[in-house]
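The block underneath contains the structure these notes are about, expressed in structure tokens.
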Amino acid sequence: MSQVAPASHDAFWMPFTANRQFKAEPRMLVGARDMHYTSEDGRTILDGTAGLWCVNAGHGRSTITEAVRAQLERMDFGPTFQMGHPGPFELAERLVKHTPDGINKVFFTNSGSESVDSALKIALAYHRAKGQGERTRLIGREKGYHGVGFGGISVGGLVNNRRMFGTLLNGVDHLRHTLLPENAFTQGIPEQGAELADDLERMIALHGADTIAAVIVEPVAGSAGVILPPVGYLQRLREITRRHGILLIFDEVITGFGRVGEPFAANRFGVTPDMITAAKGLTNGAVPMGAVFVADFIHDAFMNGPDSAIELFHGYTYSGHPVAAAAGLATLDLYEREGLFQRALELEERWAEALHSLSDLPHIKDIRNIGLVGAVEFEPRETVGARGYDVFHHCFWQGNTLVRCTGDTIALSPPLIVSESQIDEIIGALKHAIKTVN
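Going by my numbering, the final residue of the sequence shown carries number 493, and the count climbs one at a time with no gaps.
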């Protein structure tokens, strides 16, 4: 069926977009296959961002399409409130084979934002179930991004995501971020900064450990511009939280499903949190779906009282949606069959070399990388974000390559099926844009 262009772009209020700027010169995508989009003007656009960090297995995978079609024909919707259908049960059993030991329960959501708010609620409810209802404080981190629910923006640390929305949740504090000048241009995990985890000890001294429910961090912060954890930082955070009975939540909405060379960053760093939030790559971006992976001991704390009692008064109409579950199962089949969970490790050195080959170009402040994630940060002009946007704009219109602009940082996260020659294409387009844009 042919796609008809809309008569006007006015009605759609676009998310996280300068709407007036976009609608003056729309960048419209009308097709996608493997590593490429097709633009409205017929150009082939190399995808350097896996859509929005989510299309890890590449676009237009026929097995996902067929699984979704078959499920729609069989059953379009089935409730999971006091009822069930096979999809989410099968998907959960398959998924927990890839989580760290002891994390064997899955609560399904529809997005990363919902996953974060669900994890925060589960943390608060867990302590109450254990008779420690005074543990209500939540700890996030500066520059953290945890979606756009009120819980997520409260523990998040990006000011533009917070400033318009009032006082947010009470009882929230923030650790310092780990983006340190002394680690600039490090290839891979930086050496300096593990001691920043000791910020949590200061907060415990200030607030009391018995008031803190959970700490939530991204193992690798994505939306703030790919901020990496220093060597030993996550391990230190795990040790402090465990010693004080505080739950540790890893937000892996971006890092999950092979982005850093293992199923989850928790596997890559050898650190087992108490919960993991996920979405994006869970269905290869085909159908919205998210998940919270929960440690057994948390789940078991709720399984008390009469068997007829609802243990957790929380959920969504579309939790474990049958079509999303079908897409998730087909996606997991692809990841396992094609070895995509390990693909980022196989290409990591090649990716790092290509990225850091840009380090001598003008106005570059830092380059960061891990797995198949990278960031090129620029020195800002008088208007913050202008240089980053101009590079992004040039890459799309002149370089036929999609990159992501977040302030004055270009973030890169190509599908895990990317070839070495396509890595060169992405970096080549970015190099040309940087040289062209002042």
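Note that CB positions come from ideal geometry on N, CA and C, so glycine has one too. Since the structure is predicted, the reported quantities are computational estimates derived from the model, not experimental observations.
- Status (buried if at least 16 other CB within 10 Å, exposed otherwise) for W108: Along the sequence shown, read from residue 1 onward, the residue named residue 108 stands at position 53. Buried.
- Message: Need the endpoints of the alpha helix (DSSP H) that D355 sits in, please.
- Response: On the sequence shown, residue 355 is found 300 positions in, with the first residue counted as 1. Per DSSP, D355 belongs to the alpha helix (DSSP H) from 351-357.
- Excluding the five sequence neighbours on either side, which residues of its own chain have a C-beta within less than 8 Å of the C-beta of R192, listed in chain order? In the sequence shown, counting from the first residue as 1, residue 192 sits at position 137. Correct list, in chain order: G226, V227, D228, H262, T266, I267, A268.
- When you compare only the Cα positions, how much space is there between I158 and L302? One-based indexing of the sequence shown puts residue 158 at position 103. One-based indexing of the sequence shown puts residue 302 at position 247. Going from the Cα of I158 to the Cα of L302 covers about 13 Å.
- Query: Can you tell me whether N215 is buried or exposed, with buried defined as 16 or more other CB within 10 angstroms of its CB?
  - Reply: One-based indexing of the sequence shown puts residue 215 at position 160. Classification for N215: exposed.
- Message: Just to confirm my understanding: we take S57, look at its own chain, exclude 5 residues before and 5 after, and list those with CB closer than 8 Å. What are they?
- Response: Numbered from its first residue, the sequence shown carries residue 57 at position 2. The predicted model places S57 with a pLDDT of 45, which falls under 50 and marks its position as unreliable; any figure quoted below should be read in that light. Around S57: no qualifying Cβ.
- Beta-bridge pairing of A347 - partner residues as DSSP gives them: Taking the sequence shown and counting its residues from 1, one reaches residue 347 at position 292. The question names Ala, yet the displayed sequence has Val at residue 347. Bridge partners of V347: F162, T332.
- Just the Cα atoms here: how many angstroms apart are K176 and A276? The residue given as residue 176 occupies position 121 in the sequence shown. The residue given as residue 276 occupies position 221 in the sequence shown. Rounded to whole angstroms, K176 to A276 spans 22 Å at the Cα level.
- Task: For A399, collect the residues of the same chain with a Cβ closer than 7 Å to its Cβ; drop the 5 residues on either side in sequence, then sort them by chain order.
- Result: For the purposes of this step, residue 399 is taken as residue 344 along the sequence shown, with counting starting at 1. So the list reads G313, R314, V315, G316, G426, L427, L471, once near-sequence residues are dropped.
- Message: Checking the sheet assignment: what are the DSSP bridge partners for C48?
- Response: No statement about residue 48 is possible, as the shown extent of the chain runs from 56 to 493 and does not include it.
- Query: Which whole-angstrom value describes the C-beta separation of G199 and V270, a residue pair presumed to lie in contact below a C-beta threshold of 8 Å?
  - Reply: Taking the first residue of the sequence shown as 1, we reach residue 199 at position 144. Taking the first residue of the sequence shown as 1, we reach residue 270 at position 215. Contact doesn't hold; Cβ gap of about 11 Å is too wide.
- Query: To the nearest angstrom, how far is it from the Cα of H448 to the Cα of N74?
  - Reply: The residue given as residue 448 occupies position 393 in the sequence shown. The residue given as residue 74 occupies position 19 in the sequence shown. Looking at the two C-alpha atoms, the distance is approximately 15 Å.
- Task: Take G454 and list the residues in its own chain whose beta-carbon comes closer than 7 Å to its own, dropping the five residues that flank it on each side.
- Result: Residue mapping note: residue 454 aligns to position 399 of the sequence shown, counting from 1. Cβ within range, chain order: A484, H487, A488.
- Less than 8 Å separating the beta-carbons of S476 and T104? Position 421 of the sequence shown holds residue 476. Position 49 of the sequence shown holds residue 104. Against a cut-off of 8 Å, the Cβ pair of T104 and S476 comes out as no contact.
- Rounded to whole angstroms, what's the CA-CA distance from I12 to E250? Just pull it up for me. No statement about residue 12 is possible, as the shown extent of the chain runs from 56 to 493 and does not include it.
- Item | Straight-line Cα distance separating F220 from G195 | Reading the sequence shown from its first residue, position 140 is the one you call residue 195. Reading the sequence shown from its first residue, position 165 is the one you call residue 220. Rounded to whole angstroms, G195 to F220 spans 17 Å at the Cα level.
- Message: Am I right that A441 and F162 are in contact with their C-beta atoms under 8 Å? What's the rounded C-beta distance?
- Response: Numbered from its first residue, the sequence shown carries residue 441 at position 386. Numbered from its first residue, the sequence shown carries residue 162 at position 107. Wrong, their Cβ atoms sit about 42 Å apart, outside the cutoff.
- Query: Should L179 be labelled buried (16 or more other beta-carbon atoms within 10 Å of its own) or exposed?
  - Reply: Within the sequence shown, residue 179 is the residue found at index 124, counting from 1. L179 is buried by the Cβ-count criterion.
- Query: Taking C-alpha atoms, which residue in T327, E197, I282 lies nearest to V349?
  - Reply: Position 294 of the sequence shown holds residue 349. Considering only alpha carbons, the answer is T327.
- Query: What's the call for A260, buried or exposed, on a 16-neighbour Cβ count within 10 Å?
  - Reply: Position 205 of the sequence shown holds residue 260. Flag for A260 reads exposed.
- Beta-carbon contacts of T118 that lie in its chain and below 7 Å, excluding the five residues immediately before and after: Translated into the one-based positions of the sequence shown, residue 118 becomes position 63. Cβ neighbours of T118 beyond the five flanking positions: A385, D388, L389.
- Pick out whichever of V378, Q187, F319 has its Cα sitting closest to the Cα of A122. On the sequence shown, residue 122 is found 67 positions in, with the first residue counted as 1. A122 has its Cα closest to that of V378, out of V378, Q187, F319.
- Item | Cα-Cα separation, F305 to R231 | The residue labelled residue 305 in the question sits at position 250 within the sequence shown. The residue labelled residue 231 in the question sits at position 176 within the sequence shown. The alpha-carbon atoms of F305 and R231 are separated by roughly 16 Å.
- Message: Restricting to Cα atoms, I'd like to know which of M330, A66, F433, W68 is closest to D415.
- Response: Walking along the sequence shown from the start, residue 415 turns up at place 360. Here the closest residue by C-alpha is F433.
- Under a three-way DSSP split, which group does V315 fall into? Taking the sequence shown and counting its residues from 1, one reaches residue 315 at position 260. Here V315 sits in coil by DSSP.
- Comparing alpha-carbon positions, which option in G142, P134, M138, Q137 lies nearest A125? In the sequence shown, residue 125 corresponds to position 70, counting from 1. Closest option to A125, Cα to Cα, is G142.
- Item | Collapsed DSSP secondary structure at I301 in the structure displayed | Position 246 of the sequence shown, counted from the first residue, corresponds to residue 301. Coil.
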